[in-house]
Amino acid sequence: MESNSSSSSSAPLHKSRVRVLTILPTRSLLLFFFLFFCINFTTTTSNSITQSSDSETLYSKHCNDVVPKSDTDPTRWFVTNLSIQDIGFRNGYFTGGDQLFKQNLKTTEVDDLKALSFVPSDVGKTLTEGVFKVRATLHLRDYSIFHNSTRRNLRLVYFKGPRSHFRKGLLNFRLDGYYSESSKKLCMVGNGGSGNLRPLSVVLKLNYPQSSSIYDSLITGTLESLSDKHDGDYFEPLLMLGLYQSSSYEYKLAGKDSENGCLRGDDRGENLGVGKSKRGLCMLLGKLHESFELEYGSDCGSVNCNPLGGNAGYVSSFVYYGTRCANERKMQMLLGFPNSSYYGIKFPFDPHTTFITEGAWDEKENRLCAVACRILNFTESLTHAFVGDCSTKFSLRLPTKLSLWNRSTVAGEMWSIKEVNDSGYFAKIGFHTLSGWLMKLLDFKYEYSENDDMRKTCAEKKAGRGKGKIYPDEFSVDMKFGMTMRNSKGQQASGYSSPLFVDDERVYGRRFWDKLPQTKSSIDFGFRHDVFPSKAELSAEGIYDRDYGNLCMIGCRHVPVKNQTLIKQDMLDCAIKIIVQFSPLDTKDGQNVKGTIESTRRKLDPLYFEPIEFSSNSIYTSQAAASISRIDFEISMVLISNTLACVFVGLQLLFVKKHPDVLPFVSIVMLIVLSLGYMIPLLVNFEALFVPNKHHSQQDTFLGTGGWLQVNEVIVRVLMMVALLLQLRLLQLTWSSRQGHGNQKSLRDSERKVLYATLPLYIAGALIVWFVNLRKNAYQRSHRPFQRPHRMAYRVSTLHHLAYQQHSLREDLSSYAGLVLDGFLLPQILFNLFFNSGEKALACAFYLGTTVLHVLPHAYDLYRAQTGTWFLDLSYIYANQKMDFYSTAWNIIIPCGGLLFAAIIFLQQRFGGRFVLPKRFRQTSVYEKVPVISNEEL
């Protein structure tokens, strides 16, 4: 009875336990998420309330006397006549705050390239009329921090001092405050800084002009630290100056000086009119940001020709930046005259070198007539700056025709209306540029020169060369290429070539769909390093013979000449012959373009230069299409290979599960080599699983894959991780099976002998690779003595630059590691030899399948080299030449060696570990079994 009762009473208890175990986790999970949400919501709410409360307190303390605080009107928060454009500005300058940007790192060769922008995000009405609540972000940047290097491509090493809030020349502040429409004042408080460091508390005060015109174009203000002076976060106040961009701008000077405002009679031909264009003035010039080269007249030796004044130094160019445009006629623009350190990222709004300009388009003369004013009274404090001295006139036009001697899509003049003896006077200065933006939008024409020398030079017979071959079409994008040049002294430089016209058809900036059978072409050559005495840009025109792939041209270059006053003047040298030979479209050569640039002058002529040879590794569009197809195939091969690697290791695990007695006879060194083969690439590229890589984005952009390569790389990494886990599981089983084994000591001794044999071999191979790398790099340096570092402003990412980079020691060691992995069976062969093991420790599918996976890339590389055209190294996905040794010799040696190792393993597992040795070396000591005599038999 007791037992029955006990059992009967325990039954419901057991059921209740089961019910609790099935329900409790779900409830616990829901309760956990509910509590987490409540805690997170409470924390976020409390933090926002605390920050809001702190902001209000700081505003009342530091800003209430500037713009009194007012409560917002929730019913009319977005109903406001004050736009974000009225109080925000993109062009600004600041002084002070040296502690913020580590000014002690700056070199003396670079001026203060400081910029600021004020970007409001929300503007809302308050209960007080004319007072608006504003939220905004203030961006401060010191470009001199990014441009303070005169090193020869060497790595800079700085002393790492105490943790600081001020890094890398970039600071952002999030601010809240109020703007008064009556007083035109804005006061805001907030915090910010750089990076993940503790934010800095600041107060911003801005003063806006009462009206908006060229004379009322400046916003002044200060940014002050709210920290104590003795605190490490404290910094001296920043003084700020910004360009007022109010929508209620009134043009004061534009169009009011038509009688004597623009020069006439200085044009070299007709000008384009923007009125007849489908695109108006505002689209063409309203937001144009372009750099212009300056042309000085012959009278600059006797009078001042510097717009900035006689003591401002030499000026070689200026920057144009359109800021506003109205009614397709009137414009406001900025003219900047930075020194040579300017590199074009942002307009250099520096009051020392900036002119604020406004003008109007003259329909009769087809030119822009403008007046430029200086920023004055800023030397002591930016808060006192104002616009004045509007004595500079500015004229801009768009030439209708381009030619060999004139490649400018925009040209013009600037001059001073002051008397010659007045301070600030300068003579007329010309300027010009080839604007890619305008080249794409306007219908420029090209006028070819009638040059008999060109016809004689290009009238050579070609004797059937190229017969039956197809060369690039004159309208195709293949006519544009980057190139590497070499002169007679062995000096190297890089450059580019860009077609402009083919007969009367403009090809610059257009799509290459319509094809016409013209032969004359106009091409621009640009050289970004000095094979010439200085940076050179050549304009050329000539005849392209598509049947032979030959382009013969004459070229002109502007030769800079400095007179006694050190004012730059250009001399035009048109005695240049350029021959370009294109390869057929089906070429297998890595150089699709070859050519020469020669001077036709005598050697004693001052403008003579030695012949220059150039070549290009730019690929044709057909080669690019074939490369994309090959990439798709190689992606599939990589995915299949990594999947099969997982399958083969899985088959080995199933094999040892069925035959656990063979586990101790698997070489641990071999398993470690295989595990490292998966582990090292995963560790090196672990961030590729989660963090976007800049190199990958460049590669995707060039190949047009749109990030698909990164997706496949993540899949490959996941498969490699699975294979690694399976490999580690096999290693763990092997290690455990040897513990307590009857032959544990013999197995350990054999494994130690394997390690003693392979480790010196692997180290010796690595040393050989290191020595070869040193010799190879020394040889390359001796044959490239003139390779100079690129400046970021002019760095051209040509295919040559992307495809051919000097191999580092890391890449060579990575290839050597691939070779070690190809011979992964060597430790198992040695283990079988030392232990004389004839056990079938490895499944045939494992060692033969893994060998085939290592052999196939080399067979494919042989096929790729024989049948495919030239391709970029960066597109190698399967049979990657940075992961193994690939060449004709290695592609034969490695597969033969791998298959030989697999055959030896097969024979060892069939006939014994020492089967490969001669018979006399196969003998081994064995124990003879002796009958045991018991006591009874005695």
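Going letter by letter, the sequence shown gives residues 1 to 938 in UniProt numbering. Here a beta-carbon is modelled for each residue, glycine too, at the ideal position from N, C-alpha and C.
Item	Value
Excluding sequence positions up to five away, which residues of its chain have a Cβ less than 7 Å from the Cβ of L853?	S641, L644, A645
Between A370 and F394, is the Cβ-Cβ spacing less than 7 Å?	yes
Should C896 go down as buried or exposed, given a rule of 16 or more other Cβ atoms within 10 Å for buried?	exposed
Roughly how many angstroms separate the alpha carbons of K445 and K205, rounded to a whole number?	53 Å
Which of helix, strand or coil does DSSP assign to V387?	strand
Taking just the CA atoms, how far does E839 sit from P918?	20 Å
Whole angstroms is fine: what's the gap from S246's alpha carbon to R324's?	10 Å
Excluding the 5 residues flanking R601 on each side, which residues of the same chain have their C-beta closer than 7 Å to its C-beta?	A575, L607, Y608
Determine the burial state of I612: buried for a count of at least 16 other Cβ atoms within 10 Å of its Cβ, exposed for fewer.	buried
CB F906 to CB S815, shorter than 7 Å?	no
With DSSP as the reference, please indicate the residues paired to H139 in a beta bridge.	S117, N172
Beta-carbon separation of Q652 and A843 under 7 Å?	yes
Would you give the residue range spanned by the beta strand (DSSP E) that E598 belongs to?	593–599
Just verifying my parser: in three-state terms, what is the DSSP assignment at R748?	helix
Just curious, the beta strand (DSSP E) that W437 is in, first and last residue?	Not the beta strand (DSSP E): W437 falls in the alpha helix (DSSP H), residues 436–441.
On the DSSP letters alone, give me the boundaries of the beta strand (DSSP E) that I877 sits inside.	Careful: I877 lies outside any beta strand (DSSP E) and carries neither H nor E.
Quick one, are the C-beta atoms of L572 and G555 less than 7 Å apart?	no
Need the endpoints of the alpha helix (DSSP H) that V820 sits in, please.	809–822
Near S317, which residues of its chain fall below 7 Å by C-beta distance, leaving aside the five closest residues on each side in sequence?	S291, F292, E293, L294
With 16 other CB atoms within 10 Å as the buried threshold, where does E380 fall?	exposed
Taking its Cβ as the centre, do 16 or more other Cβ atoms sit within 10 Å of Q210, making it buried, or is it exposed?	exposed
Return helix, strand or coil for E713, following the three-state DSSP convention.	helix
Please list, in chain order, all residues of the same chain as L733 whose beta carbon is under 7 Å from its beta carbon, the five residues on each side excluded.	V656, L663
Return yes when the Cβ of I356 is within less than 7 Å of the Cβ of S217, no when it is not.	yes
Based on the DSSP output, what are the partners of Q332 in its beta bridges?	R324, E358
At the level of alpha carbons, what is the spacing between N304 and G388?	21 Å
With a threshold of 16 other CB atoms inside 10 Å of the CB of Q85, please say whether the residue is buried or exposed.	exposed
When the distance is taken between beta carbons, is F834 closer than 7 Å to K753?	yes
Ignore the nearest five residues each way along the sequence and tell me which others in E224's own chain have a CB closer than 7 Å to its CB.	V202, V203, P237
What number of angstroms, rounded off, separates the C-alpha of V647 from the C-alpha of W735?	22 Å
Run the proximity test for V67: is its beta-carbon closer than 6 Å to any non-hydrogen atom belonging to the ligand MN?	The model depicted lacks the ligand MN and carries no ligand whatsoever.
Inspect the beta-carbon positions of S391 and I429 and report whether they are closer than 7 Å.	no
So, T57 versus G124, is the Cβ gap smaller than 7 Å?	no
What are the start and end residues of the alpha helix (DSSP H) that includes W415?	Per DSSP, W415 belongs to no alpha helix (DSSP H); it is in the beta strand (DSSP E), 410–416.
Taking only the alpha-carbon atoms, compute the straight-line gap between A372 and E474 and give it to the nearest angstrom.	44 Å
So the beta strand (DSSP E) S225 belongs to, where does it begin and stop?	218–225
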